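Asker: Protein sequences appear in the order of chains C and Y. Every position in the first sequence, counted from 1, becomes a number in the working numbering once 57 is added. Every position in the second sequence, counted from 1, becomes a number in the working numbering once 25 is added.
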Amino acid sequence: AQKVTQAQTEISVVEKEDVTLDCVYETRDTTYYLFWYKQPPSGELVFLIRRNSFDEQNEISGRYSWNFQKSTSSFNFTITASQVVDSAVYFCALSGGTNAGGTSYGKLTFGQGTILTVHP
Amino acid sequence: GAGVSQSPRYKVAKRGQDVALRCDPISGHVSLFWYQQALGQGPEFLTYFQNEAQLDKSGLPSDRFFAERPEGSVSTLKIQRTQQEDSAVYLCASSFWGWGLILWNTNEKLFFGSGTQLSVL
Chain C
58 AQKVTQAQTE
68 ISVVEKEDVT
78 LDCVYETRDT
88 TYYLFWYKQP
98 PSGELVFLIR
108 RNSFDEQNEI
118 SGRYSWNFQK
128 STSSFNFTIT
138 ASQVVDSAVY
148 FCALSGGTNA
158 GGTSYGKLTF
168 GQGTILTVHP
Chain Y
26 GAGVSQSPRY
36 KVAKRGQDVA
46 LRCDPISGHV
56 SLFWYQQALG
66 QGPEFLTYFQ
76 NEAQLDKSGL
86 PSDRFFAERP
96 EGSVSTLKIQ
106 RTQQEDSAVY
116 LCASSFWGWG
126 LILWNTNEKL
136 FFGSGTQLSV
146 L
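#1: Buried or exposed: which applies to G168/C, given that a residue is buried once 16 or more other Cβ atoms fall within 10 Å of its Cβ?
#2: Based on Cα-Cα distance, which residue from A150/C, L165/C, A145/C and C149/C lies nearest to S69/C?
#3: So, using beta-carbon positions, are L116/Y and P68/Y closer together than 7 Å?
#4: Closest by CA to L102/Y, which one among Q108/Y, F136/Y, Y60/Y and S119/Y?
#5: By the 10 Å Cβ neighbour count, where 16 or more other Cβ atoms means buried, how is A27/Y classified, buried or exposed?
#6: From the DSSP secondary-structure annotation, give me the bridge partner or partners of E72/C.
#7: Thinking C-alpha only, which one of L85/Y, Q108/Y and P95/Y is nearest V37/Y?
#8: With distances taken between CB atoms, is the gap from Q59/C to T166/C smaller than 7 Å?
#9: What is the DSSP secondary structure of D143/C, reduced to helix, strand or coil?
#10: Mark V175/C as exposed unless 16 or more other C-beta atoms lie within 10 angstroms of its C-beta, in which case mark it buried.
#11: Hey, out of S110/C, V76/C and S152/C, whose CA is closest to S128/C's CA?
#12: Between which two residues does the beta strand (DSSP E) holding S128/C run?
#13: Count the other C-beta atoms from every protein chain shown that fall within 10 angstroms of the C-beta of N130/Y, then say buried if there are 16 or more, exposed otherwise.
#14: Judging by CA-CA distance, which residue of K134/Y, R89/Y, G140/Y and V99/Y is the nearest neighbour of N76/Y?
#15: Thinking just about the alpha-carbon of each residue, which of L71/Y, F136/Y and S120/Y is nearest to the one in I104/Y?
#16: Residue range of the beta strand (DSSP E) that R47/Y falls in?
#17: Please state whether the Cβ-Cβ distance between G119/C and F148/C is less than 7 Å.
#18: Given a limit of 7 Å on CB to CB distance, which residues of the region 60 to 92 of chain C reach chain Y?
#19: Got a sec: which bits of the region 50 to 68 of chain Y sit with their beta carbon under 7 Å from any beta carbon on chain C, in order along the chain?
#20: Taking the alpha-carbon positions, what's the W122/Y to V44/Y distance?
#21: Who are the near neighbours of V145/Y in its chain, counting only those whose CB is closer than 7 Å to its CB and skipping five residues on each side?
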């Protein structure tokens, strides 16, 4: 069975601090996809990133960066110079792969989420 | 519409009542998912439609839960004889491609609605 663990339930930082959200996953699939979603108070899940299991390149998008390490089954998310608008619940999610050319990516297994509060 | 639309936004039901939750996906999207999110938890998969076909209902917690998407667009999640443990946010998501039709190098992703918060008293 697939499992995603976000050990940090809540994180509180002051604006402009850097913050890293941890994500550890378990899967028996050799091919899979990892995601991060942001859930603001409005409730809608906002897509941040999708990472394929065969692509271990780290990625940076503005103030956001992701560190994928297959050897430790981790997919951590760092926000640099945090802002108040970053306050939200962040979810890491995992989907299984199928044979080449197909994916069951839409059936996601989510972690429990990390509540991030950024204070001014 | 521009995004995934869900209605009602809030629903209060007395225990034992039947409820129907609506999801209007992004126009043209083949895939539609329902997720259940309990308070303080991550969303959990309920069921999946590819067009009008329900290909996976493995996450439905009991036979009181029923989902349909008769014309391959709007979907309804129905809960019969609601119980207090059914209280949760029900999220709908859609994507353009169908399950199993994704190519490795697409940037496909799920688009989520804001959910329906169901409270069973």
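All residues carry an ideal CB built from backbone N, CA and C; glycine is no exception. None of the values given here were measured: they were computed from a predicted structure.
Answerer: Let me spell this out:
#1: Looking at its Cβ environment, which holds 16 or more other Cβ atoms inside 10 Å, G168/C is buried.
#2: A145/C
#3: yes
#4: Y60/Y
#5: exposed
#6: Residue pairing by DSSP places E72/C opposite no residue, since no beta bridge is assigned to it.
#7: Q108/Y
#8: Yes; because the gap between Cβ atoms is below 7 Å, this pair is in contact.
#9: helix
#10: buried
#11: Minimum Cα distance to S128/C is reached at S110/C.
#12: Unbroken run through S128/C: none, as it is neither H nor E.
#13: Unreliable placement is indicated for N130/Y, whose pLDDT of 44 sits below 50; the coordinate value is still reported in the next sentence. By the 10 Å Cβ count, N130/Y comes out exposed.
#14: V99/Y
#15: L71/Y
#16: That run of the beta strand (DSSP E) goes V44 to D49.
#17: no
#18: none
#19: Shown in chain order are the members of the region 50 to 68 of chain Y whose Cβ falls below 7 Å from a Cβ of chain C: S56, F58, Q66, G67 and P68.
#20: Approximately 29 Å, taken between the alpha carbons.
#21: Taken in chain order, the residues that qualify are A38, R40, T107, Q108, Q109, D111 and S112.
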